[in-house]
Each structure stands twice: as C-alpha cells, then as structure tokens.
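Report on the following structure.
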Ligand SMILES: [Zn+2]
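Residue numbers (our numbering): 168 to 483.
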C-alpha cells in the first residue's frame, strides 16, 4: 500500500511521517504541550528520542531522581546518592541540549530509584495535578510489563491520574506508550512491547538515528546498560486499560531477576492498596480515555491518532 506522502520507501527509511508531523505541529495544535511521564532520566530518550526532535513544547516529568535511596560512598564513582542523582540530571540536560529549539521543561517528583512502588498514591495525585495545570494534549508513558517496578508505577500513575481528572469532570489527555524493556522466555527484550496488542513502528531516518545515538551517549553513567536499546526505530501505541491487580505476563518478571526489593506480588499489593486509597477501584473498567477532553486537546489527540494511523496504513 502506498504511503500517504506517496513514497513507501521514503516512508520506511525516512523516519517520522512528514505530513503527520506537520499536522501535529500545525497552527493551533502546537499551542498545547505534550507530557512525557518517565520513571528515570534516560527513559524518555530511549523510548521517544527520535520523536522529541519534532515536538515544540515538551514537559518531562520524572517520577524518580534516578538514584537509589542508599548508596555506599564510592559506589558507581559517586560519594552519595545525591551526587549520583545530580550527575544523572546533568546528563539529561546535556541530552536535551542536543535537540533543536523547543521547550523542554523537566519536572522531578523526587522519589528515589526503586521506591515508586511505595508511593503510588502520591505519584498519581501529583501527576493529576500536573496534567491539570499543564493541560497536555497527550501523555506518553511506560507500558505495564514487569521490566522495572518504577516503569510499571509510571504506567499506573498515568492511568490513575487520567481517571482522577475524568472523575472531576476535568479535561483529560490522550495516553500513549513508548517502549522500555521486559522479559520474554527468560531473556531481556528492549525497544518492543509485550506481544498481543497493535503498535506502530517508526523506522528512524539517518539523521534521527544519529541524533538519538548522540543523546543516548550523553548518559555517561548508564553507558553499559543502554547499549542494548535500538536507535533504528521507535514504537508507540495507545495505552491499554490494564488490570493492575494481575501480573503483566506469566512467569518471572524481568525485575524479579534482581534483588531490587520489589517482587511482582508486592508491586500488585501496593497497586491494589493505592487503587483503594485513590477510590479508583473501577480503574480497569474499559472506558474511552478522552471522554472529557477539551476541543483543542481533542484536535491534538486526533493529530497523534493521524500520526499513528498514517503508519498503521503502511505497516499493518
Ligand atoms: Zn527506567
């Protein structure tokens, strides 16, 4: 099937669809910001570094500061957890400086690395209040896939925040997901979603690929770990309505391979308690996530839908 811009080759190898990007940033639509709700500094670049280049007003909310609560002095080459978190923050700033123009405000909720699970109601409420204040058209976040407990907590917080706004009758943004990592048949899978749901794949152009690579290289403290992430393509999809009381997949979750202090069972217990505390027991009931969106939010959301649909027409 020919691409919307008339060239299938250009489309596959040429990166983000130019017509869709133009529509997304066209008059009126660029006025509304996009939020990226990420667990750690670097998740936004791994998941959406190629796309970031095209977005003019991005607010990146980090749930954690990327540093564990307790660090032995000298571990990872830092004297304290604070020093490590500041280094990670500086790396993020260097990565974002590589992007042309645009407004990239970063907001940190200040939870230590690996502690999001124990702060779900706080993160959900803070996210809801930021969504309300910033009024984004779309929020991008992690999928619920058992890769990292903080990632799953971001997926929880984004959906819970939207639900809280809907219950208030306030405008709610569309919710999309970028990829992270998870376990499949005992192996780590990066830059892909768990199978079973539609997603769209953007093959990055040479320029987008080089920029993304350069941004990833800015995260010097994470250098070894980030080698396994693709700079060839990016995938996105609409966030499913998860049942956070059930595991994301059968078998051992990726983070259960490590002594990170969180098992899947413990995470789900915390999620279930958080749902009760937030009075969102019916969170998993399927309902459109843009029911109360404002007309402008709807139009930007539609532009994102167009972006996804443009690619779906070619790849699916
Ligand atoms: Zn992460």
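We treat Cβ as the ideally placed atom computed from N, Cα and C, and that holds for glycine. Computed from a prediction, not measured in an experiment: that's the story for all the values here.
Helix, strand or coil, according to DSSP, for residue 333 in the structure here?
Residue mapping note: residue 333 aligns to position 166 of the chain shown, counting from 1. Residue 333: helix per DSSP, three-state reduction.
Starting from the C-beta of residue 441, find all residues in its chain whose C-beta is less than 6 Å away, skip the five residues before and the five after it, and write them out in chain order.
The count along the chain shown starts at 1 and reaches residue 441 at position 274. Correct list, in chain order: 287 and 288.
Classify residue 238 as buried or exposed, calling it buried when 16 or more other Cβ atoms lie within 10 Å of its own Cβ.
As a first step, residue 238 is located in the chain shown; it is residue number 71 there, counting from the start. It is buried - the Cβ of residue 238 has at least 16 other Cβ atoms within 10 Å.
Of the listed residues 330, 233, 342 and 312, nearest to residue 303 (C-alpha basis):
Stepping through the chain shown from its first residue, residue 303 is reached at position 136. With distances taken between Cα atoms, residue 303 lies closest to 342.
Compute the minimum distance between the beta carbon of residue 283 and the heavy atoms of ligand 1, and state whether it is under 7 Å.
Your numbering for residue 283 matches position 116 in the chain shown. Proximity of the beta carbon of residue 283 to ligand 1 is not indicated: no heavy atom of the ligand is located closer than 7 Å.
For residue 202, list the residues DSSP reports as bridge partners.
Start at 1 with the first residue of the chain shown, and residue 202 comes out as number 35. Answer is 226 and 306, bridged to residue 202.
Taking DSSP as the reference, what is the three-state secondary structure of residue 312?
Taking the first residue of the chain shown as 1, we reach residue 312 at position 145. Assigned with DSSP and collapsed to three states, residue 312 falls in coil, not helix or strand.
With C-beta atoms as the reference, is residue 371 less than 8 Å away from residue 383?
Within the chain shown, numbered from 1, the residue matching residue 371 stands at position 204. Within the chain shown, numbered from 1, the residue matching residue 383 stands at position 216. In this structure, residue 383 does not lie closer than 8 Å to residue 371 by Cβ.
Which value, in whole angstroms, describes the spacing of the CA atoms of residue 377 and residue 226?
The count along the chain shown starts at 1 and reaches residue 377 at position 210. The count along the chain shown starts at 1 and reaches residue 226 at position 59. Cα to Cα, the separation comes out at about 23 Å.
For ligand 1, which residues have a Cβ under 5 Å from at least one heavy atom, in chain order?
That query returns the following residues: 206, 207 and 210.
Reference residue 425, options 350, 326, 229 and 337, closest by Cα:
One-based indexing of the chain shown puts residue 425 at position 258. Taking only the C-alpha atoms, the option nearest residue 425 is 350.
Looking at the unbroken beta strand (DSSP E) that takes in residue 342, where does it start and where does it end?
Working through the chain shown from its first residue, we reach residue 342 at position 175. Residues 341-345.
By how many angstroms is the C-alpha of residue 330 removed from the C-alpha of residue 452?
In the chain shown, the residue the question calls residue 452 occupies position 285. In the chain shown, the residue the question calls residue 330 occupies position 163. Any reading at residue 452 is ruled out, since the residue's pLDDT is 45, under 50, leaving its predicted position unreliable.
How would you write the range of the beta strand (DSSP E) that residue 279 sits in, first residue to last?
The residue labelled residue 279 in the question sits at position 112 within the chain shown. Counting along the chain, the beta strand (DSSP E) containing residue 279 begins and ends at 270-280.
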